[in-house]
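Residue numbers (my numbering): 175 to 512. Yeah, the Cβ is synthetic: ideal placement off N, Cα and C, and Gly gets one too. None of these values were measured; they are calculated from a predicted model. Comments concern the structure below.
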């Protein structure tokens, strides 16, 4: 029972390594090599699935989408690895340089992209702190841009309101001055120095009353304009606050924002920069593992068998074709003679 189970698992590993089980029969050495190649592909497949699942975790909260996306992309990476390994077998092994360079470049590209979700997971605590800092910087820039865009509409209204407030302050100052002068004249502390309402005191009181009446008249005429100015300013301020609130409502913690935060961390922290390069290299080597394992574990016997089988099938097809062509030629000649 154990032997049957082991055989099934070995066949699965050979399938991962794009090997034909029939060509491996009776060759323990090649079987072990392809089992190791299959293991390297399997762990790369699992790593890709986990990395892509975390990638989808950064862009969605749906568990179904995360798992489906991770499994789908892991399957795509598995298929690409199996194609790469299959291309290094049989007659394809003769032209190694260009093919291997292409496969290594493809593996490096896959590894570089797959490394990003893994690095985001490893540095997630530091990235969360940097995200908060980046968000605050972006908010300040956004608020400054909103204020700049609203300034052409707000500035004339504010200047007009300030102008009215300046006129009101001037009128109030004049009233206070006339009131103080009138009171000083009545109590003898200023002006002529005589107590009581004399002719000068009455004249100053008339000036005070006239200024008060003029101020009241000016306030009555300026009140609608001032009310409209304040209403327009409140409306523009509400639009401004709504735009800022819309920015605050955005999460800004997606995949690209986290990549940007990680980049800021790398630029500002030399120790993190070297660890980032080291982890990136290790993760890219994980993606290169299937190709490297196939190159290091030279399966000459299997390749020879595969070449012989391909040659046998080519010769067989050639014989079949020649036989059909000969029969067709004979039939044509017979019909021609008839």
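Item, Value
"How many Å lie between residue 483 and residue 499 at the Cα?", "24 Å"
"Just mark residue 188 as buried or exposed, buried being the case when its beta carbon has 16 or more other beta carbons within 10 Å.", "buried"
"Whose C-beta lies closer than 8 Å to the C-beta of residue 406 among residues of the same chain, with five residues either side of it excluded?", "331"
"In angstroms, rounded to a whole number, what distance separates the CA positions of residue 338 and residue 438?", "49 Å"
"Helix, strand or coil: how does DSSP classify residue 249 here?", "helix"
"Which of the three DSSP states is assigned to residue 236 in this structure?", "coil"
"Thinking C-beta only, is residue 455 closer than 8 Å to residue 214?", "no"
"Using 8 Å as the threshold, is the C-beta distance between residue 284 and residue 251 below it?", "yes"
"Since residue 192 contacts residue 292 with CB under 8 Å, what's their CB separation in whole angstroms?", "Rounded, the Cβ-Cβ distance is 26 Å, inconsistent with contact."
"DSSP three-state call for residue 487: helix, strand or coil?", "helix"
"Measure the Cβ-Cβ separation of residue 392 and residue 345 and say whether it is below 8 Å.", "yes"
"Which residues in the same chain as residue 502 place their Cβ atom closer than 8 Å to its Cβ, once the five residues preceding and following it in sequence are excluded?", "none"
"Mind the definition here: the region 433-449 touches the region 192-212 only if three or more C-beta pairs lie below 8 Å; say whether that holds.", "no"
"To the nearest angstrom, report how far apart residue 209 and residue 287 are at their CA atoms.", "27 Å"
"Whole angstroms is fine: what's the gap from residue 329's alpha carbon to residue 432's?", "38 Å"
"What is the DSSP secondary structure of residue 410, reduced to helix, strand or coil?", "helix"
"Cβ of residue 457 within 8 Å of Cβ of residue 289?", "yes"
"Below 8 Å between beta carbons: does that hold for residue 218 and residue 463?", "yes"
"Whose C-beta lies closer than 7 Å to the C-beta of residue 394 among residues of the same chain, with five residues either side of it excluded?", "none"
"Once DSSP output is grouped into helix, strand and coil, what is the label at residue 137?", "For the chain, the structure presents residues 175 to 512; residue 137 sits outside this window and is missing."
"Where do the ends of the alpha helix (DSSP H) carrying residue 437 lie?", "429-442"
"Would residue 435 be called buried (16 or more neighbouring beta carbons within 10 Å of its own) or exposed?", "buried"
"Who are the Cβ neighbours of residue 341 in its own chain at under 6 Å, not counting the five residues just before and after it?", "none"
"On the CB-based measure, 16 or more other CB atoms within 10 Å of its CB, does residue 294 come out buried or exposed?", "buried"
"Would you identify the three-state DSSP class for residue 194, choosing helix, strand or coil?", "coil"
"Give me the Cα-Cα distance between residue 301 and residue 327, rounded to the nearest whole angstrom.", "39 Å"
"Report yes if the C-beta distance between residue 239 and residue 230 is below 8 Å; otherwise report no.", "yes"
"Tell me, please, whether the CB atom of residue 238 is closer than 8 Å to any CB atom in chain B?", "The chain labelled as chain B is not found in the depicted structure, where only one protein chain is given."
"Looking at the unbroken alpha helix (DSSP H) that takes in residue 263, where does it start and where does it end?", "Element bounds for residue 263: n/a, residue is neither H nor E."
"Assuming residue 386 and residue 349 form a contact by the criterion Cβ under 8 Å, report the distance between their Cβ atoms to the nearest whole angstrom.", "6 Å"
"Give the C-beta separation of residue 233 and residue 429 to the nearest angstrom, bearing in mind that I take them to be a contact with Cβ-Cβ under 8 Å.", "5 Å"
"Looking only at C-alpha atoms, which of 453, 411, 402 sits nearest to residue 325?", "411"
"What did DSSP end up calling residue 297 once you bin it into helix, strand or coil?", "coil"
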